[in-house]
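These notes are about the structure you will find just below.
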Amino acid sequence: MSDLAERPAAGEWVKSERQHQRERVRRSRARRSASIATASTIVFLVLVVWVVTSSPGWPRVRETFFDGGQFAAALPDVLSGFLLNIKIFLIAEPLILVVGLLVALARGIKTPAFFPIRALATLYTDVFRGVPTILVIYLIGFGLPALRLQGIPTDLATLGIIALTLSYGAYVAEVFRSGIESIHPSQVMAARSLGLSHAKTMRFVVLPQATRRVVPPLLNDFVSLQKDTALVATIGPLEALRQAQIHAASTFNYTPYLVSALLFILLTIPLARLTDHLAARTRRRRGA
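When the letters of the sequence shown are read in order and numbered with this note's numbering, they come out as residues -5 to 282.
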């Protein structure tokens, strides 16, 4: 009975002994590669730590940047400010997607009657991609309230969101435009031959494919956006960097900046790894 139980069913594929041997060799190589990588990483880290801690100025650096007491004292305030960074990021991100997509679509309009719209979209991307983000924040944060127009927001965080949306919207627009232009013209011609209008062709044929292609570069832009929310501190909101500056100015110790940096890293790394995962999945789908 035991021999019958172990015997494969009719038509069932059974790995050959050579296939089993190949798999054992692959597993062995994978274990050896992992062991070598782990050992070399440990050696490298130990060497770096030894070089840094044995340097003449290490005691002063440790006192200034790695003070445990200052770290614990600054953490609550910096963490509360970091929640404002997250809020700015979560509000600005969907606004940037909307602005970027609308500008990309405007730049793709070929009708002569809509030339002014296409020209304005081109001018927008050229200007806001050419001006540093921090200057846009200064111009919006201090310039808009100075106009004293009715309805202009005065909340500093809101002004920072507007500035980030205008700056990153130009970059995201070019990402969307490259995705739209990467769709083969035959897709558009096939849709139009089926009787779809230009708007429906863009909505049901072009944009779904283009969006899938531009997800990895969009996530890269949002990794940068998450970090650049700290630039809003230049106009005054009490976000993580501003809270760290307040603590550092009162104690003449830079450990609060380390607290702020670690919080940004904890948020950025998962998003970066998600970007890598999506990019690798896209390559696998394309057979690369």
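Where is the CB? At the ideal position from N, CA and C, for every residue including glycine.
Which residue's Cα is closest to the Cα of residue 235: 66, 32 and 256?
256
Just to confirm before moving on: does the CB-CB distance between residue 90 and residue 152 stay below 7 Å?
no
Whole-number beta carbon distance between residue 170 and residue 94, since they are thought to touch under 8 Å:
5 Å
Whole-angstrom C-beta distance between residue 219 and residue 66, which should lie under 8 Å:
With a Cβ gap of about 30 Å, residue 66 and residue 219 do not count as contacting.
In terms of alpha-carbon separation, which member of 64, 184 and 17 lies closest to residue 243?
64
If residue 250 sits next to residue 266, beta carbons under 8 Å apart, how far is it from one beta carbon to the other, in whole angstroms?
Their Cβ separation, rounded to whole angstroms, is 24 Å, which puts residue 250 and residue 266 out of contact at 8 Å.
Spatial neighbours of residue 164 within its chain, please: CB distance less than 7 Å, with the 5 preceding and 5 following residues excluded, ordered by chain position.
118, 119, 122 and 123
For the alpha helix (DSSP H) containing residue 9, list its first residue and its last residue.
Where residue 9 is concerned, there is no enclosing alpha helix (DSSP H), given that its DSSP letter is neither H nor E.
Beta-carbon proximity list for residue 78, same chain, < 8 Å, skipping 5 on both sides:
151, 231, 232, 233 and 234
Tell me whether residue 196 is buried or exposed, calling it buried when 16 or more other Cβ atoms sit within 10 Å of its Cβ.
buried
Pick out the complete alpha helix (DSSP H) segments inside the segment 157 to 227, 4 residues or longer, and give them in chain order.
179 to 187, 192 to 195 and 201 to 222
Going by the CB atoms, is the gap between residue 269 and residue 210 shorter than 7 Å?
yes
Unbroken alpha helix (DSSP H) runs of length 4 or more, entirely within the segment 220 to 276: which are they?
234 to 245
Using the Cα positions of residue 73 and residue 23, report the straight-line distance between them to the nearest angstrom.
44 Å
Give every residue of the same chain whose Cβ lies closer than 7 Å to the Cβ of residue 245, excluding the five residues on either side of it in the sequence, and list them in chain order.
64
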